[in-house]
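What follows is a single structure, written as structure tokens, with notes after it.
In full-length UniProt numbering, the protein residues as written are 1 to 141.
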């Protein structure tokens, strides 16, 4: 997914794969999203790096645009539809194995807190999609 500058922008080959998938599932409004390629790259960058929205590099556009699009699409179920479409078209061939050796200990009173709902599910889905985009970029390189 990276073009060498480390910002996580889509290469032309990678975007050629992602654009038709995104266009299929995104909501059609009266005005199309502004600079969708850069905004999706910002969303994927944020979820790959685990950063705050305000930490998105300036080359990927305004942080608030990416946050706004992510939240709007999460509420509309766009990320779930995109993941389902990617799985349907690409299958497991993209290497969808995730290993994480992180061990985080929480306070004993932290157990049982209610989840955020649609946003937390969408966060996980976008992390998965960002990993797929990164894997696709490595295969094309």
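Backbone N, C-alpha and C fix where the C-beta goes; we use that ideal spot for every residue, glycine too. For clarity, every value in this text was computed on a predicted model and none was experimentally measured.
Which whole-angstrom value is the C-beta distance of residue i and residue j, which I expect to be below 8 angstroms?
| i | j | result |
| --- | --- | --- |
| residue 127 | residue 47 | 5 angstroms |
Once DSSP output is grouped into helix, strand and coil, what is the label at residue i?
| i | result |
| --- | --- |
| residue 44 | helix |
| residue 72 | helix |
| residue 35 | coil |
| residue 79 | helix |
| residue 30 | coil |
| residue 127 | helix |
| residue 52 | coil |
| residue 9 | coil |
| residue 20 | helix |
Compare the beta carbon distance of residue i and residue j with 8 angstroms and say whether it is the shorter of the two.
| i | j | result |
| --- | --- | --- |
| residue 79 | residue 66 | no |
| residue 14 | residue 133 | yes |
| residue 41 | residue 60 | yes |
| residue 56 | residue 63 | yes |
| residue 82 | residue 36 | no |
On a CA-only basis, which of the options is nearest residue i? Give me that one, please.
| i | options | result |
| --- | --- | --- |
| residue 86 | 23, 9 and 75 | 23 |
| residue 131 | 43, 35 and 62 | 43 |
| residue 88 | 11, 21, 41 and 14 | 21 |
| residue 38 | 74, 28 and 69 | 69 |
| residue 29 | 76, 18, 57 and 58 | 76 |
| residue 9 | 26, 45, 31 and 33 | 45 |
| residue 84 | 12, 11 and 25 | 25 |
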